[in-house]
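Trainee: The sequence shown lines up with residues 6 to 368 when you count with the working numbering.
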Amino acid sequence: MLAYIVRRLLLIVPTLLGIMVVNFVIVQAAPGGPVEQTIARLRGHAVAATARVGGAPGGETAPAAAAPTDKYHGARGLDPELIRQLERQYGFDQPPATRFLHMMRNYLVFDFGTSFFQDRPVIALMLEKLPVSISLGLWTTLLIYLISIPLGIAKAVRDGSGFDVWTSVAVIVGYAIPGFLFAILLVVLFAGGSFLSWFPLRGLVSANWSQLSWPAAIGDYFWHITLPTLALVIGGFASLTMLTKNSFLDEIHKQYVVTARAKGLTQRRVLYGHVFRNAMLLVLSGIPAAFIGILFTGALLVEVIFSLDGLGLLGFNAAVNRDYPIMFGTLYVYTLVGLLTNLISDLTYVLVDPRIDFGTRET
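#1: So, helix, strand or coil for residue 103, using DSSP?
#2: Quick check on residue 36: does DSSP put it in helix, strand or coil?
#3: Assign residue 304 to buried or exposed, taking buried as 16 or more other Cβ atoms, counted over all protein chains shown, within 10 Å of its Cβ.
#4: Answer with buried or exposed for residue 8, where buried requires no fewer than 16 other C-beta atoms within 10 angstroms of its C-beta.
#5: Is residue 131 near residue 335, with beta carbons less than 8 Å apart?
#6: Quick one: Cα of residue 138 to Cα of residue 226, how far?
#7: Check residue 196 in the structure and name its three-state DSSP category.
#8: Among the candidates 268, 326, 282 and 313, whose CA atom is the shortest distance from the CA of residue 354?
#9: Can you give me the C-alpha to C-alpha distance between residue 276 and residue 189, rounded to a whole angstrom?
#10: If you count every other CB in all the chains shown that lies within 10 Å of the CB of residue 337, and 16 or more means buried, which is it?
#11: Look at residue 316 and residue 148 and say whether their C-beta atoms are less than 8 Å apart.
#12: What does DSSP give as the partner residues of residue 119 in its beta bridges?
#13: In three-state DSSP terms, what is residue 166?
#14: In this structure, does DSSP put residue 244 in helix, strand or coil?
#15: Quick check on the burial criterion: 16 or more other C-beta atoms within 10 angstroms. Buried or exposed for residue 181?
#16: Buried or exposed: where does residue 42 fall if 16 or more other Cβ atoms within 10 Å of its Cβ makes it buried?
#17: Give me the Cβ distance between residue 154 and residue 280, rounded to the nearest whole Å; I'm assuming they're in contact under 8 Å.
#18: If we count the other Cβ atoms within 10 Å of its Cβ and call it buried at 16 or more, is residue 313 buried or exposed?
#19: Suppose you measure from the CA of residue 194 to the CA of residue 172; what does that come to, to the nearest Å?
#20: Apart from the five residues on each side of it in sequence, which residues of its chain come closer than 7 Å, Cβ to Cβ, to residue 115?
#21: Can you check whether the CB of residue 224 is closer than 8 Å to the CB of residue 183?
#22: With DSSP run on the structure shown, which of helix, strand or coil describes residue 211?
#23: Judging by CA-CA distance, which residue of 22, 124 and 11 is the nearest neighbour of residue 330?
#24: Where does residue 144 land, buried or exposed, given buried means 16+ other C-beta within 10 angstroms?
#25: Does the separation of the CB atoms of residue 307 and residue 122 fall below 8 Å?
#26: Does DSSP classify residue 351 as helix, strand or coil?
#27: CB residue 32 to CB residue 332, shorter than 8 Å?
#28: My output table needs one value for residue 312: the three-state DSSP class, helix, strand or coil.
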């Protein structure tokens, strides 16, 4: 097992490097970089979505000796020395390969630099936003598992019954409609959109939260987090429900279950004494990956819709503003955590069922 863990840890290095290289190339080729964003701010208008970086206007290739103002959309008329200062400020006076190597050297020690437009260390911004995303991810994961596992078991036991058919409608809706669309619907219905104003639309707590008594503070917290959590739960419970159902159905039809029933064991004893452990192997081992997925990806649009100041909103704003240190810093952390979580998920299989040993391989 130790050799397997070492191999997986070593495999993380080239995988992480490859992902960073691909995204670095894509981002460098995208229009509207930080220099152009700053130029747009200096001119008092937003940078165009179709703005070109590294090319001359009109779709023609810029000459090799082009002035700095010719390389950026909207820079004509500005002092070339100002453009050079902006390039030095954002590190664009160096070749892309040099910038990438310098960035990865710093990332090895988790030095993600300083935000271009917030003038704060990226690591400090991420730590500041992390509690919001963790809070949303924990409640969502907990509720999804509390709903999906009992529902999946019930559907497996009652396979083909009216209960199974009608609950499948909810599962199909959950499959078909993404969480952010449910979030919009909840805003329209319950957050002052067009009907009721039962829940707040912005933030995780009220502005006077620190002044409230602890019972009122807890109530205010749950009042704010109800709709975002509900949107993520509705959008995420379907897959786990069907996974649980199919896992139980697969185990229920195996020979050892038939033998247990033939010995006179009750349905409950067979289900929870024999089937449960084997069927839940796949479900329980996915808890780390499910939590990380909700924390870093699934909650992004929901955070934007409900103005929750978490990692999702931080990454979204960084992408819009081309804040490269935040973009690449969060990408590095997300990828590293995701790869480590995959390893943890595999090790969870062993904890749930010690008969599994990834360290042994057939030769």
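All residues carry an ideal CB built from backbone N, CA and C; glycine is no exception.
Mentor: With the structure as the only source:
#1: On the sequence shown, residue 103 is found 98 positions in, with the first residue counted as 1. Of the three classes helix, strand and coil, the one that applies to residue 103 here is helix, per DSSP.
#2: For the purposes of this step, residue 36 is identified with residue 31 of the sequence shown, where counting begins at 1. Residue 36 falls in the coil class under three-state DSSP.
#3: The count along the sequence shown starts at 1 and reaches residue 304 at position 299. Residue burial annotation: residue 304 is buried, with at least 16 other C-beta atoms found within 10 angstroms of its C-beta.
#4: The residue given as residue 8 occupies position 3 in the sequence shown. Its Cβ having fewer than 16 others within 10 Å, residue 8 is exposed.
#5: Working through the sequence shown from its first residue, we reach residue 131 at position 126. Working through the sequence shown from its first residue, we reach residue 335 at position 330. Cβ distance < 8 Å, so residue 131 and residue 335 count as in contact.
#6: Stepping through the sequence shown from its first residue, residue 138 is reached at position 133. Stepping through the sequence shown from its first residue, residue 226 is reached at position 221. Cα-Cα distance, rounded: 14 Å.
#7: Walking along the sequence shown from the start, residue 196 turns up at place 191. Residue 196 sits in a strand when the DSSP states are folded into three classes.
#8: Mapped onto the sequence shown, residue 354 falls at position 349. Closest by alpha carbon: 282.
#9: As a working note, residue 276 is residue 271 in the sequence shown. As a working note, residue 189 is residue 184 in the sequence shown. Answer to the nearest angstrom: the Cα atoms are 40 Å apart.
#10: Taking the first residue of the sequence shown as position 1, residue 337 is located at position 332. Buried, because 16 or more other Cβ atoms sit within 10 Å of the Cβ of residue 337.
#11: Residue mapping note: residue 316 aligns to position 311 of the sequence shown, counting from 1. Residue mapping note: residue 148 aligns to position 143 of the sequence shown, counting from 1. Remark: C-beta atoms of residue 316 and residue 148 do not approach each other more closely than 8 Å.
#12: Indexing the sequence shown from 1 puts residue 119 at position 114. When beta bridges are read from the DSSP output, residue 119 appears opposite 126.
#13: Within the sequence shown, the letter at position 161 stands for residue 166. Residue state, collapsed to three classes: coil.
#14: Within the sequence shown, residue 244 is the residue found at index 239, counting from 1. Note: residue 244 maps to helix in three-state DSSP.
#15: Here the question's residue 181 lines up with position 176 in the sequence shown. With fewer than 16 other Cβ atoms inside 10 Å of its own Cβ, residue 181 counts as exposed.
#16: Here residue 42 refers to the residue found at position 37 when the sequence shown is read from its first residue. A residue is called buried once 16 or more other Cβ atoms fall within 10 Å of its Cβ, and residue 42 is buried on that count.
#17: For this step, residue 154 is matched to residue 149 along the sequence shown. For this step, residue 280 is matched to residue 275 along the sequence shown. The beta-carbon distance between residue 154 and residue 280, rounded to whole angstroms, is 13 Å. This is too long to meet the 8 Å contact definition.
#18: Translated into positions along the sequence shown, residue 313 becomes position 308. Around the beta carbon of residue 313, 16 or more other beta carbons sit within 10 angstroms, so the residue counts as buried.
#19: Counting from one through the sequence shown, the residue named residue 194 turns up at place 189. Counting from one through the sequence shown, the residue named residue 172 turns up at place 167. Cα to Cα, residue 194 sits roughly 23 Å from residue 172.
#20: Counted from its first residue, the sequence shown places residue 115 at position 110. Taken in chain order, the residues that qualify are 128.
#21: Taking the first residue of the sequence shown as 1, we reach residue 183 at position 178. Taking the first residue of the sequence shown as 1, we reach residue 224 at position 219. No, these two residues do not count as a Cβ contact at 8 Å.
#22: For the purposes of this step, residue 211 is identified with residue 206 of the sequence shown, where counting begins at 1. The three-state reading of DSSP puts residue 211 in coil, since its state is none of H, G, I, E or B.
#23: Along the sequence shown, one-based indexing puts residue 330 at 325. Here the closest residue by C-alpha is 124.
#24: For this step, residue 144 is matched to residue 139 along the sequence shown. Burial call: buried.
#25: As a first step, residue 307 is located in the sequence shown; it is residue number 302 there, counting from the start. As a first step, residue 122 is located in the sequence shown; it is residue number 117 there, counting from the start. In this structure, residue 307 keeps its C-beta atom at 8 Å or more from the C-beta atom of residue 122.
#26: As a working mapping, residue 351 is identified with position 346 in the sequence shown. Here residue 351 carries a helix assignment [DSSP, helix/strand/coil].
#27: For the purposes of this step, residue 32 is taken as the residue at position 27 of the sequence shown. For the purposes of this step, residue 332 is taken as the residue at position 327 of the sequence shown. The beta carbons of residue 32 and residue 332 sit closer together than 8 Å.
#28: As a first step, residue 312 must be located in the sequence shown, where it is residue number 307. If DSSP states are grouped into helix, strand and coil, residue 312 belongs with coil.
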